[in-house]
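Q: In my numbering, the protein residues as written are 662 to 1079.
1) Rounded to a whole number of angstroms, what is the C-alpha to C-alpha distance between residue 671 and residue 693?
2) Near residue 1081, what residues of its chain come up, given a Cβ to Cβ distance below 6 Å and the 5 sequence neighbours on each side ignored?
3) For residue 966, which of 936, 917, 952 has the nearest alpha-carbon?
4) For the structure I just gave you, are there three or more beta carbon pairs, one from the segment 749 to 758 and one from the segment 946 to 965, closer than 8 Å?
5) Rounded to a whole number of angstroms, what is the C-alpha to C-alpha distance between residue 848 and residue 873?
6) Taking residue 887 as the reference, which of 713, 1021, 1013, 836 has the closest Cα?
7) What would DSSP say about residue 787, mapped onto helix, strand or coil?
8) Taking the alpha-carbon of residue 1018 as reference, which of 723, 822, 782, 988 has the nearest alpha-carbon?
9) Could you tell me the distance, in whole angstroms, from the CA atom of residue 979 to the CA atom of residue 721?
10) Can you give me the start and stop residues for the beta strand (DSSP E) that residue 875 sits inside?
11) Would you call the CB atoms of residue 977 and residue 717 closer than 8 Å?
12) When you compare each of 996, 892, 757, 1015 to residue 1039 by their alpha carbons, which one comes out closest?
13) With a CB to CB cut of under 6 Å and the five nearest residues on each side skipped, what residues in its chain are close to residue 876?
14) Within 10 angstroms of its Cβ, does residue 899 collect 16 or more other Cβ (buried), or is it exposed?
15) For residue 756 and residue 1002, I'd like the C-alpha separation in whole angstroms.
16) Going by DSSP in three states, residue 855 sits in which element: helix, strand or coil?
17) Please report the straight-line C-alpha distance between residue 998 and residue 990, rounded to a whole angstrom.
18) Which runs of the beta strand (DSSP E) spanning at least 3 residues fall entirely within the segment 714 to 747, listed in chain order?
19) Where do the N-terminal and C-terminal ends of the beta strand (DSSP E) with residue 926 fall, by residue?
20) With C-beta atoms as the reference, is residue 814 less than 8 Å away from residue 685?
21) By the DSSP assignment, the beta strand (DSSP E) with residue 942 in it spans what residues?
22) Could you tell me the alpha carbon to alpha carbon distance between residue 837 and residue 934, rounded to whole angstroms?
23) What are the complete beta strand (DSSP E) segments, minimum 3 residues, inside the segment 962 to 987?
24) Using a Cβ-Cβ cut-off of 6 Å (strictly less than) and excluding sequence neighbours within five positions of residue 820, which residues of its own chain qualify?
25) Closest to residue 1098 by C-alpha separation, out of 996, 1004, 1041, would be which residue?
26) Secondary structure at residue 1044, three-state DSSP: helix, strand or coil?
27) If you pair each beta-carbon of the segment 789 to 800 with each one of the segment 729 to 748, do three or more pairs fall below 8 Å?
28) Going by C-alpha distance, which of 986, 1041, 971 is nearest residue 831?
29) How many whole angstroms separate the CB atoms of residue 818 and residue 743, which I take to be in contact at a CB cut-off of 8 Å?
30) Once DSSP output is grouped into helix, strand and coil, what is the label at residue 905?
31) Comparing alpha-carbon positions, which option in 864, 928, 706 lies nearest residue 897?
32) Quick one, which of 961, 723, 827 has its alpha-carbon nearest residue 761's?
33) Taking the alpha carbon of residue 1041 as the point to measure from, which residue in 955, 911, 994, 902 has its own alpha carbon closest?
34) What did DSSP end up calling residue 887 once you bin it into helix, strand or coil?
35) Tell me whether residue 804 sits in a helix, a strand or coil according to DSSP, three-state version.
36) Are the CB atoms of residue 962 and residue 1082 within a distance shorter than 8 Å?
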């Protein structure tokens, strides 16, 4: 396994980048590379396959965009797309496309984002212009490949961004179909993922050639810039606790995560009666509505956003100060990805998780996953009641009533030993 810290350049000037790229970096206010950029960019520029394990908010998008832009051939030599970037969500497709456009500033480089929810005819017209870089979600990419509107004959670089999430939401068959249609000879494949579970390794073994593995996630799940806390609260009091928490914290910007789309809609209706600057986003919304919400959130015109895991995963906004897990995530990795929306690029952030008495084991699994005990927070009047346990009736004289302090103790199911 390669060591990302070994001889990693500390300045972009040490990476032997083109004058045009250096000018674009200055214009984009990129002062010095993040550890991910310092590790991935020089390695990718050598032309080798790379597996980069890094959480979001670490500058990983630029780490694969810069090598692609640096090695693009002139259009007369390669009229078709040369770089293909696969992403799990529409929102992430837009963000990656914007990053390509920003870093290609001053050069005649085109990039198009292909995703569902938008008329395909307009995307076909953009593909006719011959973009050098294409970003898209697997389903829409396959649609264009099947129609013959996206040809991959000139392709030399494929990026799988947030690969673990794409597999989580069932895109593996689509990803493999796309990879099988890409040229094999001289193809470079870059895989970026917050976690590298066995399915990711199997995918890499099948479609990558002797990849260099760079791990930037060791000890990163519980980074010091993110304060992680939890509340114990009864299910029917979660909304009231949420209102009190938002009033207490007054976050610059917050994302509230729910497990289901229905839960998002229900919570939005209730929050809208209490707060003005709140909206929601999930997969059932029309793309135009999602775009409006995200534009407002990125522009800091929206304070609170309610979201599901799938859509929330694609949100990359540096100003997010708070994450609130209104529902405990079903999977531990989802917790990692949720929390990763804050504390981005070294900024401070805080994440709260609402836990009812029956969800103690889930909290324990999360703590074991991140190798860290979450701190308990309290707001007076909202502590969860202990679970009711049926016991045989006893004579009054056998057991005196428990002291008042015992009623305030944490339920036994919350005791955790790591």
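Cβ atoms here follow ideal geometry from the backbone N, Cα and C, with glycine treated the same way.
Since the model is a prediction, treat every value here as computed from it, not as a measurement.
A: From the atom records:
1) Roughly 7 Å between the two C-alpha positions.
2) Shown here, the chain extends from 662 to 1079; a query on residue 1081 therefore has no answer.
3) Measuring from the Cα of residue 966, the nearest candidate turns out to be 917.
4) With a cut-off of 8 Å, the segment 946 to 965 and the segment 749 to 758 count as touching, because enough Cβ pairs lie within range.
5) Cα-Cα distance, rounded: 15 Å.
6) Of the candidates 713, 1021, 1013, 836, the residue whose Cα lies closest to the Cα of residue 887 is 1013.
7) Residue 787 falls in the helix class under three-state DSSP.
8) Out of 723, 822, 782, 988, 988 has the C-alpha closest to the C-alpha of residue 1018.
9) The C-alpha of residue 721 is placed about 14 Å away from the C-alpha of residue 979.
10) Residue range 873 to 876 is occupied by the beta strand (DSSP E) that includes residue 875.
11) In contact: residue 977 and residue 717 (Cβ atoms closer than 8 Å).
12) With distances taken between Cα atoms, residue 1039 lies closest to 892.
13) Spatial neighbours of residue 876 in its own chain (CB-CB distance under 6 Å, excluding positions within 5 residues in sequence) are listed in chain order as 714.
14) Buried is the call here.
15) Whole-angstrom Cα-Cα distance: 14 Å.
16) In the structure shown, residue 855 sits in coil (DSSP, three-state: anything other than H, G, I, E or B).
17) Rounded to whole angstroms, residue 998 to residue 990 spans 10 Å at the Cα level.
18) Fully contained in the segment 714 to 747 are the following beta strand (DSSP E) runs of length 3 or more, in chain order: 744 to 747.
19) Premise fails: residue 926 lies in the alpha helix (DSSP H), 922 to 933, not in any beta strand (DSSP E).
20) Contact: no.
21) Segment 939 to 942, the beta strand (DSSP E) holding residue 942.
22) Rounded to whole angstroms, residue 837 and residue 934 show a C-alpha spacing of 46 Å.
23) Complete beta strand (DSSP E) runs here, min 3: 965 to 968, 983 to 986.
24) Same-chain partners within the cutoff: 725, 746, 851.
25) The shown model of the chain, from 662 to 1079, leaves out residue 1098, and the question about it has no answer.
26) The answer is coil: DSSP assigns residue 1044 none of H, G, I, E or B.
27) Contact between the segment 789 to 800 and the segment 729 to 748 is present, because at least three Cβ pairs lie under 8 Å.
28) The residue with the shortest Cα to Cα distance from residue 831 is 971.
29) Residue 818 to residue 743, Cβ: 7 Å. Contact.
30) Shown here, residue 905 sits in a helix according to DSSP, grouped into three states.
31) Distance from the Cα of residue 897 is smallest, within the candidate group 864, 928, 706, for 928.
32) Closest by C-alpha distance to residue 761, out of 961, 723, 827, is 723.
33) Of 955, 911, 994, 902, the residue nearest in Cα terms is 902.
34) Residue 887: strand per DSSP, three-state reduction.
35) Secondary structure of residue 804 (DSSP, three-state): helix.
36) Outside the shown range of the chain (662 to 1079) lies residue 1082, about which nothing can therefore be said.
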